[in-house]
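**Student:** Residue numbers for the sequence shown, in this note's numbering: 870 to 1156. Backbone N, C-alpha and C fix where the C-beta goes; we use that ideal spot for every residue, glycine too. Predicted, not measured: the structure shown is a model, and the values here were computed from it. This structure is in structure tokens; I'll ask about it shortly.
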Amino acid sequence: MWIIFAAGSALFAGITAILAKCGIRKTDSTVATAIRTVVVLIFAWIMVLVAGSQGQLRRLDGRTLLFLVLSGLATGASWLCYFRALQLGDINKVVPIDKSSTVLTILLAFLLLQEPIGLFQGIGVVLLGAGTFLMVEPGPAAAGAPPRRGGWLVFAFGSALFASLTAILGKVGIQGVESNLGTAIRTGVILVMAWVMVLVTGRTGAVRRVPRRELGFICLSGLATGASWLCYYRALQDGPASMVVPIDKLSILVTVAFSRVVFGERLSARSGWGLALVVAGTLAMLL
């Protein structure tokens, strides 16, 4: 059953990137992150009430709560980096780097959770690294798109680093709590972190200037993220992190397909081979 939840996480995560990109053409990425987190939080607590797990709040031990908070902080940092990278760069270049967090997650799962690394996982790591390198190539922006600004590469790598930490901390944190409740608690941490960033950077005025159309896409991306998270952490609760994470990263196929249709971003021959290696590496990790 955890495989189905992991596949659902990949589907919704792929859609999230497209919806988010549509919502940050004019809107500041930090403001967009803060707004969409509100949507995710509402979605998460609705699922808690539906599952009837709110009563567990009084029984949470300090260790579980600590790791959920740390996981939320790591996720918040990853989100801020990811959506800033999406605002500055092409989806087809940002997403492969973000998905490369799989490699670091596997290494951390081996070191911290004692999850073994088999032969096929080792092969998968090599293929993922090679594929990511091929996909991150210099080239013109998509047709009709504004010129890309620098800095997206740093934010993309930051997103990957914090995403890998999220998976490990989340795996530890949800051992003693129902997955929907764990997701809701983590989202609350992210909400506080995101709005603190809005206040600290002086972007409160930008909240009132968000175009209505972009606000709609931001909210939709929040709903997609909520669905992805609920599937992801449900899968993590029952399955090994070293297998759940690779399946989740197959969302790159959904993202690439939609980026071609929505933004006209084309894959070059080199990027196409890179994508094939990324997918092959991901599938190898499941053997």
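Helix, strand or coil for Val-1148? Go by DSSP, reduced to three states.
**Tutor:** Under the three-state reduction of DSSP output, Val-1148 falls in the helix class.
**Student:** Using alpha carbons as the reference points, say which of Ile-1059, Gln-956, Gly-1095 and Gly-883 lies closest to Phe-1127.
**Tutor:** Gly-883
**Student:** Taking the alpha helix (DSSP H) that Glu-1083 falls in, what are its first and last residues?
**Tutor:** 1081-1107
**Student:** Where does the unbroken alpha helix (DSSP H) through Gln-956 begin, and where does it stop?
**Tutor:** 931-957
**Student:** To the nearest angstrom, how far is it from the Cα of Ser-878 to the Cα of Gly-924?
**Tutor:** 26 Å
**Student:** Assign Arg-1103 to one of two classes, buried (16 or more other C-beta atoms within 10 Å of its C-beta) or exposed (fewer than that).
**Tutor:** It counts as buried.
**Student:** Just to confirm my understanding: we take Pro-1015, look at its own chain, exclude 5 residues before and 5 after, and list those with CB closer than 6 Å. What are they?
**Tutor:** Low per-residue confidence applies at Pro-1015: pLDDT is 46, beneath 50, and the placement is therefore not dependable, though the value from the model is reported in the following sentence. Closer than 6 Å at the Cβ level, and outside the excluded window around Pro-1015, lies no residue.
**Student:** Going straight from the alpha carbon of Arg-1135 to that of Ala-978, what length do you get?
**Tutor:** 35 Å
**Student:** If you follow the alpha helix (DSSP H) that Ser-1128 is in, where does it begin and where does it stop?
**Tutor:** 1120-1132
**Student:** By the three-class DSSP mapping on this structure, what secondary structure does Gly-1057 have?
**Tutor:** Note: Gly-1057 maps to helix in three-state DSSP.
**Student:** Under a three-way DSSP split, which group does Arg-927 fall into?
**Tutor:** Reduced to three states, the DSSP call for Arg-927 is helix.
**Student:** Please go through the same chain and pick out, in chain order, the residues whose beta-carbon is closer than 7 Å to the beta-carbon of Ser-1140, but skip the five residues on each side of it.
**Tutor:** Asn-961, Leu-1003, Met-1004 and Glu-1006
**Student:** Considering only residues of the same chain and omitting the five flanking positions on each side of Leu-1050, which have a CB-CB separation below 8 Å?
**Tutor:** Val-917, Ala-920, Ser-922, Gln-923, Gln-925 and Leu-926
**Student:** Can you tell which of Gly-892, Ile-975 and Ala-954 has the C-alpha that lies nearest to the C-alpha of Gly-1091?
**Tutor:** Gly-892
**Student:** In its own chain, which residues sit with a C-beta less than 8 Å from the C-beta of Ala-903, not counting the 5 before and 5 after it?
**Tutor:** Leu-1060, Ala-1063, Trp-1064, Met-1066, Val-1067 and Val-1076
**Student:** Would you kindly work out how many angstroms separate the C-alpha atoms of Trp-948 and Leu-988, rounded to a whole number?
**Tutor:** 32 Å
**Student:** Would you decide whether Ala-1138 is buried or exposed? Buried here means 16 or more other CB atoms lie within 10 Å of its CB.
**Tutor:** exposed
**Student:** So what does DSSP say about Lys-895, is it helix, strand or coil?
**Tutor:** It is coil, neither helix nor strand.
**Student:** Could you give the first and the last residue of the continuous alpha helix (DSSP H) run that contains Met-870?
**Tutor:** Element bounds for Met-870: n/a, residue is neither H nor E.
**Student:** With a cut-off of 8 Å, do at least 3 Cβ pairs link the stretch 1026-1046 to the stretch 893-902?
**Tutor:** no
**Student:** Please work out which residues of its chain come closer than 7 Å, Cβ to Cβ, to Thr-1124, disregarding the five sequence neighbours upstream and downstream, and give them in chain order.
**Tutor:** Gly-883, Ala-886, Ile-887, Ile-960 and Val-964
**Student:** Between which two residues does the alpha helix (DSSP H) harbouring Leu-980 extend?
**Tutor:** 970-981
**Student:** Look at the alpha carbon of Asp-1117 and the alpha carbon of Gly-1027, and state the distance between them as a whole number of angstroms.
**Tutor:** Going from the Cα of Asp-1117 to the Cα of Gly-1027 covers about 19 Å.
**Student:** Which whole-angstrom value describes the C-beta separation of Gly-1133 and Leu-996, a residue pair presumed to lie in contact below a C-beta threshold of 8 Å?
**Tutor:** Between Leu-996 and Gly-1133 the Cβ distance is about 28 Å, and since that is not below 8 Å, they are no contact.
**Student:** Go to Leu-996, then tell me how far its alpha helix (DSSP H) extends in each direction, as first and last residue.
**Tutor:** 988-1004
**Student:** Kindly indicate the opening and closing residues of the alpha helix (DSSP H) around Thr-1073.
**Tutor:** Taken as a continuous stretch (DSSP letters only), the alpha helix (DSSP H) holding Thr-1073 covers 1073-1076.
**Student:** Output needed for Phe-874: all residues of its chain with C-beta closer than 6 Å, excluding positions within five of it in sequence on either side, in chain order.
**Tutor:** Cys-1100, Arg-1103 and Ala-1104
**Student:** Assign Gln-990 to one of two classes, buried (16 or more other C-beta atoms within 10 Å of its C-beta) or exposed (fewer than that).
**Tutor:** buried
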